[in-house]
Amino acid sequence: MVYKKRYDGRDFNETRPIEAKAGVIEKADGSAYFRIGGTVAYAAVYGPRQLHPSHLQDPRTGILRCKYNMLPFSGRGERIRPAPNRRSKEISMITEKALIPLLNLEDYPNAVVDVFIELPETNAGSRCAGICAASIALADAGLIMKDMVAAVALGKVDDKIVVDLDYNEEAYEDGDVADIPIAMIPSTGEITLLQMDGKITKNEFREVLKTSKKTIQKIVDIQREALLERYKVKK
Amino acid sequence: MNNEMKNHLIKSLNEDIRIDKRKKSEWRDVEIETGIIKTAEGSARVKFGNSEVIAGIKLSVGEPYPDSPEDGALMVNTELLPLSDPEFETGPPRIDAIENARVIDRGIRESGAIDTKKLCIKKGEKVWIVSVDIAPINNDGNLIDIGGLAAIAALKDTKFPKLDKDNNVDYDEISKKKLEIKETPIPVTVLKIGNNFIVDPKKDEEEFMDARLTVTFIKKGKMCAMQKGGDNTLTEEDVIKMIDLAEEKYLELSKKL
Numbered sequence: 024m025v026y027k028k029r030y031d032g033r034d035f036n037e038t039r040p041i042e043a044k045a046g047v048i049e050k051a052d053g054s055a056y057f058r059i060g061g062t063v064a065y066a067a068v069y070g071p072r073q074l075h076p077s078h079l080q081d082p083r084t085g086i087l088r089c090k091y092n093m094l095p096f097s098g099r100g101e102r103i104r105p106a107p108n109r110r111s112k113e114i115s116m117i118t119e120k121a122l123i124p125l126l127n128l129e130d131y132p133n134a135v136v137d138v139f140i141e142l143p144e145t146n147a148g149s150r151c152a153g154i155c156a157a158s159i160a161l162a163d164a165g166l167i168m169k170d171m172v173a174a175v176a177l178g179k180v181d182d183k184i185v186v187d188l189d190y191n192e193e194a195y196e197d198g199d200v201a202d203i204p205i206a207m208i209p210s211t212g213e214i215t216l217l218q219m220d221g222k223i224t225k226n227e228f229r230e231v232l233k234t235s236k237k238t239i240q241k242i243v244d245i246q247r248e249a250l251l252e253r254y255k256v257k258k
Numbered sequence: 002m003n004n005e006m007k008n009h010l011i012k013s014l015n016e017d018i019r020i021d022k023r024k025k026s027e028w029r030d031v032e033i034e035t036g037i038i039k040t041a042e043g044s045a046r047v048k049f050g051n052s053e054v055i056a057g058i059k060l061s062v063g064e065p066y067p068d069s070p071e072d073g074a075l076m077v078n079t080e081l082l083p084l085s086d087p088e089f090e091t092g093p094p095r096i097d098a099i100e101n102a103r104v105i106d107r108g109i110r111e112s113g114a115i116d117t118k119k120l121c122i123k124k125g126e127k128v129w130i131v132s133v134d135i136a137p138i139n140n141d142g143n144l145i146d147i148g149g150l151a152a153i154a155a156l157k158d159t160k161f162p163k164l165d166k167d168n169n170v171d172y173d174e175i176s177k178k179k180l181e182i183k184e185t186p187i188p189v190t191v192l193k194i195g196n197n198f199i200v201d202p203k204k205d206e207e208e209f210m211d212a213r214l215t216v217t218f219i220k221k222g223k224m225c226a227m228q229k230g231g232d233n234t235l236t237e238e239d240v241i242k243m244i245d246l247a248e249e250k251y252l253e254l255s256k257k258l
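Below you can see the structure in the form of structure tokens.
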């Protein structure tokens, strides 16, 4: 069987509908809401603030600390126990790596920038949605950033290169599936997150990279729009 | 604690003025939305002013307790997400999160809102377990009341997933069968600051409280749970006044559900 039409009717290079808002959490220094289809992420930034415990402090640089967490009711199956697991710890770590290149952490010696990402509802692509929300929240917190970063999962379903796989596509059984989350700084083309699981040829992978740039640019435009909306002078 | 600040707060309260200009017995704007999360069997988002909480219900099948082979189970859990407040820390739930969940749990359990016998699938073997998870997104105070209202709103929104022939859950198939909710327990917390009683406190007001009393009502004149908090005492007269105020506010809130 060949994957001719996407389950939800999208074009192969089309993302699910995206909605972004900046400044949604009053007490946070910066915050954002990011929805892509059935995947929703909130991100809050606290800091730069004093780092506890103090033995973790580094006089040469500030540190970035991310926590990615799926809420107990955010998966389509059983309830998720609300303690960190191996998966969420790894995603927290790769989220840090995806965001660190944006920041000048050396400007905040001994301090920490905390990024909390909570997902109330997910339908694949949650680490990417978390990174997109975090990027907006960092900018909303007024931290000096080189650029925004956006992330999206691309991949292959059967013989098609697809953008923003949903749960049904990840579970496609009649052919190969590859799932490739990518985060990129659009102005420089630098990749800050790259993971893959599934089977894909080198040529197909090149096409994935090419397609990703356009998609990332589109998402960054939406992120910028959210920030502009937040800081628009109200008449 | 900053005594000057507290004296100022009490002085204003004596003239019935709160830090956000509300009156002592005035509630913030209430917003209730249900069915907001597709991955949950029931869900609600409730806002009191800037305070915002999401509650989600998950239904699963498990074994009953040996001493109640025909009863399903209810579980209420609150995570005070560090995302929602700079003072909340990561790690296992602290005592304030545990108290929040337990007060809400008692309200729902003791009201008889859920008939656990009706959650029995096969006596002694399989029963439904109802998990209520409460997650504040934005903490600006009054998390017990807002969580309790979100929990009952989410429970009322809950539909059972389908069971296959071996009584295992098929989460991809939602049935039309709703979880039966017989009562609508709503917790209302009254704070005592000096000689003043206030409702729906903001976070800045909670910091200066002397004592609080949470009263869960199921109808006019009928209560099902209470919890006193705070380091100072309440007199008998205080308690009666606080219950009266809680009931008045319960009657207003229950109309919004």
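Heads up: the protein sequence lines correspond to chains A and B, in order. Everything in the first sequence is counted per my numbering, starting at 24 for the first residue and increasing by one. Everything in the second sequence is counted per my numbering, starting at 2 for the first residue and increasing by one. All C-beta atoms in this analysis are idealised placements derived from N, C-alpha and C, irrespective of residue type, glycine included.
Between which residues of its own chain and G36/B is the CB-CB distance below 7 Å, once the five residues before and five after are set aside? Position 35 of the second sequence, counting from 1, holds the residue named residue 36/B. Same-chain partners within the cutoff: S44, D158.
Taking all protein chains shown into account, decide if A51/A is buried (16 or more other Cβ within 10 angstroms of its Cβ) or exposed. For this step, residue 51/A is matched to residue 28 along the first sequence. The residue in question, A51/A, is buried, as its Cβ has 16 or more Cβ neighbours within 10 Å.
Distance between L192/B and R213/B (C-alpha atoms, nearest Å): For the purposes of this step, residue 213/B is taken as residue 212 along the second sequence, with counting starting at 1. For the purposes of this step, residue 192/B is taken as residue 191 along the second sequence, with counting starting at 1. Taking the straight line joining both Cα atoms gives about 4 Å.
Taking Cβ-Cβ distances shorter than 7 Å, what residues in chain B pair up with F57/A? The count along the first sequence starts at 1 and reaches residue 57/A at position 34. Under the 7 Å cutoff, chain B gives no residues; its nearest Cβ is about 13 Å from F57/A.
Looking at A114/B and E208/B, is the spacing between their C-beta atoms short of 8 Å? Walking along the second sequence from the start, residue 208/B turns up at place 207. Walking along the second sequence from the start, residue 114/B turns up at place 113. Contact: no.
According to a CB-to-CB cut-off of less than 7 Å, which residues of the segment 58-83 of chain A neighbour chain B? G61, Y65, A67, Y69
Residues near K236/A in its chain [Cβ-Cβ closer than 8 Å; skip 5 each side]: Position 213 of the first sequence, counted from the first residue, corresponds to residue 236/A. M207, P209, G212, listed in sequence order.
Which residue marks the beginning of the alpha helix (DSSP H) containing Q246/A, and which one marks its end? Walking along the first sequence from the start, residue 246/A turns up at place 223. Here the alpha helix (DSSP H) through Q246/A covers 225-254.
Could you compute how far the alpha carbon of I53/B sits from the alpha carbon of N233/B? Here residue 53/B corresponds to residue number 52 of the second sequence, with the count starting at 1. Here residue 233/B corresponds to residue number 232 of the second sequence, with the count starting at 1. One detail in the question is off: residue 53/B reads as Glu in this sequence, not Ile. The alpha-carbon atoms of E53/B and N233/B are separated by roughly 28 Å.
Compare the Cα-Cα distances from L164/B to each of L60/B, F49/B, S13/B and report the closest residue. Position 163 of the second sequence, counted from the first residue, corresponds to residue 164/B. Among L60/B, F49/B, S13/B, the Cα nearest to that of L164/B belongs to L60/B.
Along the chain, which unbroken stretches of the beta strand (DSSP E) at least 3 residues long are found entirely within the segment 115-201 of chain B? 121-123, 127-139, 160-164, 170-179, 187-194, 197-200
Answer yes or no: do V104/B and Q228/B have a C-beta to C-beta separation smaller than 8 Å? Reading the second sequence from its first residue, position 103 is the one you call residue 104/B. Reading the second sequence from its first residue, position 227 is the one you call residue 228/B. Yes, the Cβ-Cβ distance between V104/B and Q228/B is below 8 Å.
Could you tell me the alpha carbon to alpha carbon distance between I48/A and L81/B, rounded to whole angstroms? Along the first sequence, one-based indexing puts residue 48/A at 25. Along the second sequence, one-based indexing puts residue 81/B at 80. About 14 Å.
When you compare only the Cα positions, how much space is there between N191/A and S54/A? Taking the first residue of the first sequence as 1, we reach residue 191/A at position 168. Taking the first residue of the first sequence as 1, we reach residue 54/A at position 31. Approximately 30 Å, taken between the alpha carbons.
Is the CB of S97/A under 8 Å away from at least one CB in chain B? Numbered from 1 along the first sequence, position 74 holds the residue referred to as residue 97/A. True, the Cβ-Cβ gap to chain B drops below 8 Å.
is_contact[I184/A, chain B] using C-beta, thresh 8 Å: Residue mapping note: residue 184/A aligns to position 161 of the first sequence, counting from 1. With 8 Å as the cut-off, I184/A does not count as an interface residue toward chain B.
Taking only beta-carbon atoms, is F35/A less than 8 Å away from chain B? Taking the first sequence and counting its residues from 1, one reaches residue 35/A at position 12. Closer than 8 Å: no.
With a cut-off of 8 Å on the beta carbons, I'd call D163/A and G178/A a contact; round off their distance for me. Stepping through the first sequence from its first residue, residue 163/A is reached at position 140. Stepping through the first sequence from its first residue, residue 178/A is reached at position 155. Not a contact, Cβ separation roughly 30 Å.
Taking only runs that begin and end inside the segment 131-175 of chain A, name each unbroken alpha helix (DSSP H) of 4 or more residues, in chain order. 149-163
Name the residues in the segment 86-112 of chain A whose C-beta lies less than 7 Å from a C-beta of chain B; which are they? K90, L94, P95, F96, S97, G98, R99, G100, E101, R102, P105
is_contact[P143/A, chain B] using C-beta, thresh 8 Å: For the purposes of this step, residue 143/A is identified with residue 120 of the first sequence, where counting begins at 1. Output row for P143/A: interface = yes.
Please list the residues of the segment 62-96 of chain B that have a C-beta atom closer than 7 Å to any C-beta atom in chain A, keeping them in chain order. N78, E80, L82, P83, L84, S85, D86, P87, T91
Roughly how many angstroms lie between the CA atoms of N3/B and A226/B, to the nearest whole one? Taking the first residue of the second sequence as 1, we reach residue 3/B at position 2. Taking the first residue of the second sequence as 1, we reach residue 226/B at position 225. Going by the C-alpha atoms only, they are around 33 Å apart.
Going by alpha carbons, who is nearest to E101/A out of N169/B, A154/B, K203/B, K177/B? Along the first sequence, read from residue 1 onward, the residue named residue 101/A stands at position 78. Nearest C-alpha to E101/A: N169/B.
Nearest chain A C-beta to S132/B closer than 8 Å, yes or no? Taking the second sequence and counting its residues from 1, the one referred to as residue 132/B is at position 131. Taking Cβ atoms only, chain A reaches closer than 8 Å to S132/B, which makes this a yes.
Find the residues of chain A that neighbour V57/B, judging by a C-beta separation of less than 8 Å, and give them in chain order. Along the second sequence, one-based indexing puts residue 57/B at 56. The amino acid at residue 57/B is misidentified as Val; the sequence shows Gly. Residues of chain A passing the Cβ test: L94, P95, F96, S97, P143.
Compare the Cα-Cα distances from Y254/A to each of F35/A, P40/A, K44/A, K112/A and report the closest residue. Sequence index remark: in the first sequence, residue 254/A carries index 231 (1-based). Nearest option by C-alpha distance: K44/A.
Once DSSP output is grouped into helix, strand and coil, what is the label at L235/B? Position 234 of the second sequence, counting from 1, holds the residue named residue 235/B. In this structure, L235/B counts as coil in the three-state DSSP scheme.
Would you check if the distance between the CB atom of A160/A and the CB atom of I239/A is smaller than 8 Å? Position 137 of the first sequence holds residue 160/A. Position 216 of the first sequence holds residue 239/A. For A160/A and I239/A, no; Cβs fall outside 8 Å.
D197/A and K222/A look like a contact to me (Cβ under 8 Å); what is the Cβ gap, rounded to whole Å? Start at 1 with the first residue of the first sequence, and residue 197/A comes out as number 174. Start at 1 with the first residue of the first sequence, and residue 222/A comes out as number 199. Between K222/A and D197/A the Cβ distance is about 14 Å, and since that is not below 8 Å, they are no contact.
So, is the C-beta of E49/A closer than 8 Å to a C-beta in chain B? As a working mapping, residue 49/A is identified with position 26 in the first sequence. So yes, E49/A belongs to the interface.
C-alpha distance - E206/B paired with I33/B, whole-angstrom precision: One-based indexing of the second sequence puts residue 206/B at position 205. One-based indexing of the second sequence puts residue 33/B at position 32. Going from the Cα of E206/B to the Cα of I33/B covers about 23 Å.
Hey, would you say R150/A sits closer than 8 Å to I114/A, going by beta carbons? Your numbering for residue 150/A matches position 127 in the first sequence. Your numbering for residue 114/A matches position 91 in the first sequence. Taking 8 Å as the Cβ cut-off, R150/A and I114/A qualify as a contacting pair.
Is it the case that the Cβ atoms of N140/B and D201/B are separated by a distance below 8 Å? The sequence position of residue 140/B within the second sequence is 139, counting from 1. The sequence position of residue 201/B within the second sequence is 200, counting from 1. Taking 8 Å as the Cβ cut-off, N140/B and D201/B do not qualify as a contacting pair.
Spell out the partners DSSP gives K90/A in its beta bridges. The residue you call residue 90/A lines up with position 67 of the first sequence. Answer is F139/A.
Using 8 Å as the limit for Cβ to Cβ distance, is K39/B near chain A? The count along the second sequence starts at 1 and reaches residue 39/B at position 38. K39/B counts as touching chain A.
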